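Be aware that the sequence shown starts at 5, since it is given in our numbering, and climbs by one per residue.
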Amino acid sequence: MDQSSPSGNSCEGVTIQMKRKISSKLSEERPGRSICLLVGLVELATILTIATGVLTDAARSRVSFVSDISTDATSNASAEESSSSIATDCTLERLSDVERSMLETWEDDYKGHRTLTLNADGTGTMVVELDGLAATLFAETLTFREEWTVADGKVTMKATGGEPAGKVQLLLSLYGDSSTQRIIEVTSERMILFEESSGTRFEWRRVRDSESELSNDQD
Numbered sequence: 005m006d007q008s009s010p011s012g013n014s015c016e017g018v019t020i021q022m023k024r025k026i027s028s029k030l031s032e033e034r035p036g037r038s039i040c041l042l043v044g045l046v047e048l049a050t051i052l053t054i055a056t057g058v059l060t061d062a063a064r065s066r067v068s069f070v071s072d073i074s075t076d077a078t079s080n081a082s083a084e085e086s087s088s089s090i091a092t093d094c095t096l097e098r099l100s101d102v103e104r105s106m107l108e109t110w111e112d113d114y115k116g117h118r119t120l121t122l123n124a125d126g127t128g129t130m131v132v133e134l135d136g137l138a139a140t141l142f143a144e145t146l147t148f149r150e151e152w153t154v155a156d157g158k159v160t161m162k163a164t165g166g167e168p169a170g171k172v173q174l175l176l177s178l179y180g181d182s183s184t185q186r187i188i189e190v191t192s193e194r195m196i197l198f199e200e201s202s203g204t205r206f207e208w209r210r211v212r213d214s215e216s217e218l219s220n221d222q223d
């Protein structure tokens, strides 16, 4: 027993010395590790700063891109509006005095109330309001799409379709899709046309804007 004690004390001494050396070694390395950690944090902060700058530049570029698109769209819309206005002016210039006097909206009461609108581009619409048996057979309101031309003192109107489609097509098949009428008179108040094939005289009254708005309000 006595011989083993010195050996045990010797081992314990060696162990203590080793612990001290390891502790000392760790103490010496800690400052280095702290420096490495600090450097790493600095590098991370630098990377984040650069990344933030890149994202900010990207956001600015996106805003600039969207702004450019908006500006281009506004410019295109203005150009289209200007082109449309120019086209309308050119169309009006090509019309004769009689054709220009026939533009806008007219109404009469031939076989129901009719409202005729003639546009400068040669298109138009005719809305026919029926009652009684005619309304029962066809419809209370028929809308015809028209094309119109003037030549040799006559106006030719050709129906190209309308609504309700089935009823409109039935009427066109029964009575034809076009009519040529002599222009008797066109004033600021009325338009008188004469259809020679049937011997029918049509007297149209010009509809003023206020009357059109009042009619729309009542509808």
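Even glycine gets a Cβ: it sits at the ideal position worked out from N, Cα and C. Since we're looking at a predicted model, the values are computed, not measured.
- Excluding its 5 nearest sequence neighbours in each direction, LEU176 has C-beta neighbours in its own chain below 8 Å: ALA163, listed in chain order.
- In the three-state reduction of the DSSP assignment, SER100 falls in the coil class.
- The straight-line gap separating the alpha-carbon atoms of VAL211 and TRP110 is approximately 5 Å.
- The DSSP-derived three-state label of ASP112 is strand.
- A direct Cα-to-Cα measurement between ILE196 and ARG205 gives close to 7 Å.
- Here the alpha carbons of TYR179 and THR147 stand approximately 16 Å from one another.
- Taking C-beta atoms under 8 Å as the contact rule, GLY116 and VAL132 qualify, at a distance of about 5 Å.
- By the Cβ-count criterion, LEU137 is exposed, with fewer than 16 other Cβ atoms from all chains shown falling within 10 Å of its own Cβ.
- Counted as a single uninterrupted DSSP element, the alpha helix (DSSP H) harbouring VAL172 occupies residues 169-179.
- Taken through DSSP and simplified to helix, strand or coil, GLY136 comes out as helix.
- In this structure, the alpha-carbon of GLY203 lies about 14 Å from that of TYR114.
- Of ALA139, PHE142, MET130, GLY157, the smallest CA-CA separation from SER100 is found for GLY157.
- SER201 has its alpha-carbon roughly 22 Å from the corresponding atom of VAL172.
- About 11 Å separates the CB atoms of THR121 and ARG149; that is not less than 8 Å, and the two are not in contact.
- An exposed status is given to ARG98, since fewer than 16 other beta-carbon atoms sit within 10 Å of its beta-carbon.
- In the DSSP annotation of this structure, the continuous segment of the beta strand (DSSP E) that includes THR121 starts and ends at 117-122.
- Beyond the five residues adjoining it in sequence on each side, PHE142 comes within less than 8 Å, by CB distance, of LEU134, LYS171, LEU174, LEU175 in the same chain, given in chain order.
- ARG209: member of the beta strand (DSSP E) spanning 204-210, first to last residue.
- Short of 8 Å from the beta carbon of ASN123, and not among the five residues preceding or following it, lie these beta carbons of its own chain, in chain order: LEU107.
- In this structure, the straight-line span from the alpha carbon of SER105 to that of ASP181 is close to 24 Å.
- The bridge partners DSSP lists for THR127 are GLU151.
- DSSP places SER182 inside the beta strand (DSSP E), whose first and last residues are 182-190.
- The C-alpha of ILE187 lies about 13 Å from the C-alpha of TRP152.
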